[in-house]
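For reference, the structure is listed below as structure tokens.
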Amino acid sequence: MKIFLIILVIIGNILHASDIELESAIFNKVLRAVTAKEHPKVCIYKSNKALETYPGAIEIVTQCSEADVVLLSTLKNLPVTCKDKVLFGTRYSQLKNPDVVGAFFWQKGRPNILFYDYRLKKHHIKLDKSFDKYIEK
Numbered sequence: 002m003k004i005f006l007i008i009l010v011i012i013g014n015i016l017h018a019s020d021i022e023l024e025s026a027i028f029n030k031v032l033r034a035v036t037a038k039e040h041p042k043v044c045i046y047k048s049n050k051a052l053e054t055y056p057g058a059i060e061i062v063t064q065c066s067e068a069d070v071v072l073l074s075t076l077k078n079l080p081v082t083c084k085d086k087v088l089f090g091t092r093y094s095q096l097k098n099p100d101v102v103g104a105f106f107w108q109k110g111r112p113n114i115l116f117y118d119y120r121l122k123k124h125h126i127k128l129d130k131s132f133d134k135y136i137e138k
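Under the working numbering, the residues of the sequence shown are numbered 2 to 138, in order.
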């Protein structure tokens with residue numbers, strides 16, 4: 002019985018790790034496309050386990066003033082220095098804020114990416130054709 006529980010815990014950890022790696026890979030692709038930089042500087046406002054664990058090509062900075070993009074886990078008490086940066090959300094509800102250009106979030110166990118065209122234009126962001134299906138006109 003103990004062996005069964007240990008195996009079950011190990012399998013659960015492996016599956017959880019692969020979800021985090023997938024999430025990190027998606028964030029890497031999206032944030033590199035948004036900034037048009039191979040190694041964008043990203044300030045994580047509050048926390049993001051995927052990027053903190055597997056940053057990939059992203060350079061994580063602690064100050065918004067140094068960042069190309071601010072990745073939001075919440076909009077609550079967002080510092081003034083972050084508000085003039087490109088804001089990218091991790092929840093669908095954050096898209097209600099007109100300053101958030103897009104979001105990557107999980108819905109019913111599936112990853113979703115959504116951008117608003119007019120917000121991308123406001124920040125002079127041009128995404129390549131592979132992102133067209135994620136842009137709301």
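For every residue, glycine included, the Cβ atom is placed at its ideal position computed from N, Cα and C.
Euclidean distance between Cα positions of residue i and residue j
i: Gly90; j: Leu23; result: 17 Å
i: Asn49; j: Ser74; result: 7 Å
i: Phe132; j: Glu67; result: 26 Å
i: Glu60; j: Val81; result: 22 Å
Helix, strand or coil at residue i [DSSP, three-state]
i: Arg92; result: coil
i: Lys42; result: strand
i: Ile61; result: strand
i: Ile126; result: coil
i: Leu6; result: Note that Leu6 scores 47 on pLDDT, short of 50, meaning its location in the model is unreliable and no value can be drawn from it.
Contacting residues, own chain, Cβ-Cβ under 8 Å from residue i (five flanking each side not counted)
i: Leu121; result: Val102, Gly103, Lys127, Leu128, Ile136
i: Tyr117; result: Leu96, Val102, Gly103, Ile136, Glu137
CB of residue i within 8 Å of CB of residue j, strictly
i: Ile55; j: Ser25; result: The amino acid occupying residue 55 in the given sequence is Tyr; Ile does not appear at that position. Result yes, Cβ atoms of Tyr55 and Ser25 sit closer than 8 Å.
i: Asp69; j: Lys42; result: yes
i: Cys44; j: Val31; result: no
Other residues of its chain near residue i: CB distance less than 7 Å, five sequence neighbours each side excluded
i: Ala51; result: Ile21, Glu24, Ser25, Phe28
task = Please go through the stretch 66 to 121 and give each complete alpha helix (DSSP H) segment of 4 or more residues, from N-terminal end onward.
result = The stretch 66 to 121 contains these whole alpha helix (DSSP H) runs: 81 to 84.
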